[in-house]
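Encoded as structure tokens, the structure appears first; notes follow it.
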């Protein structure tokens, strides 16, 4: 089974026929490190499935960039609303060479009319992303910076080491120097084991 079909098969709503149909609509994509997926391009109704890589979503506020998420794999929803037709406010930056697949949701919608189980799979993908966003929101509500770092380390092991310090610090809402200090302490503990 291909990696794409394996990932789709892991959805609770998947059936063999709906996996085959949905997988046939995905197109392989790759992104080079440093590439920015601008909002107009990403506002088009494209759902991405990241196989492996590193990317972040960010927005600008008062001439400063703020990282809103970092991911290595999984689904990346259109930043603009497909169903509500609203533009997004984030951009996507690839922090490492990244490979995956893309799905044109407009084409998938046409096919889903023939295979309603495909719709259930897409709804499940959106639901998973909603739950991930709630988890990040919960993490950001923790008052202590150390608690936020520990929380994200339990959720995504080694996340704090994958991206640039400034991106990870922005994502965790901590200072760069504080994160650097925590990483140094954590590395020391790992070496003592």
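Numbering (the working numbering), first residue to last: 934 to 1126.
Yeah, the Cβ is synthetic: ideal placement off N, Cα and C, and Gly gets one too.
Residue 1094 is classed as exposed because its beta carbon has fewer than 16 other beta carbons within 10 Å across all chains shown. Closest in alpha carbon position to residue 935, among 948, 953, 946, 944, is 953.
Looking at the DSSP output, residue 997 bridges to 994.
Around the beta-carbon of residue 1043, fewer than 16 other beta-carbon atoms lie within 10 Å, marking it exposed.
DSSP places residue 1038 inside the alpha helix (DSSP H), whose first and last residues are 1038-1045. In this structure, the beta-carbon distance from residue 1032 to residue 963 falls below 8 Å. Counting every other CB atom within 10 Å of its CB across the protein chains shown gives residue 950 a total below 16, marking it as exposed. Residue 1026 is classed as buried because its beta carbon has at least 16 other beta carbons within 10 Å across all chains shown. Residue 949 carries a helical assignment under DSSP once its states are collapsed to helix, strand and coil. Across the structure, residue 1036 and residue 1066 are spaced so that their CA atoms are roughly 21 Å apart.
Here the stretch 1070-1089 makes contact with the stretch 1103-1112; the two share three or more CB pairs at distances below 8 Å. Excluding residues up to 5 positions away in sequence, 1025 lie with their Cβ nearer than 6 Å to the Cβ of residue 970 in the same chain. With respect to the 8 Å criterion, residue 958 and residue 981 are not classified as neighbours on the basis of their beta carbons.
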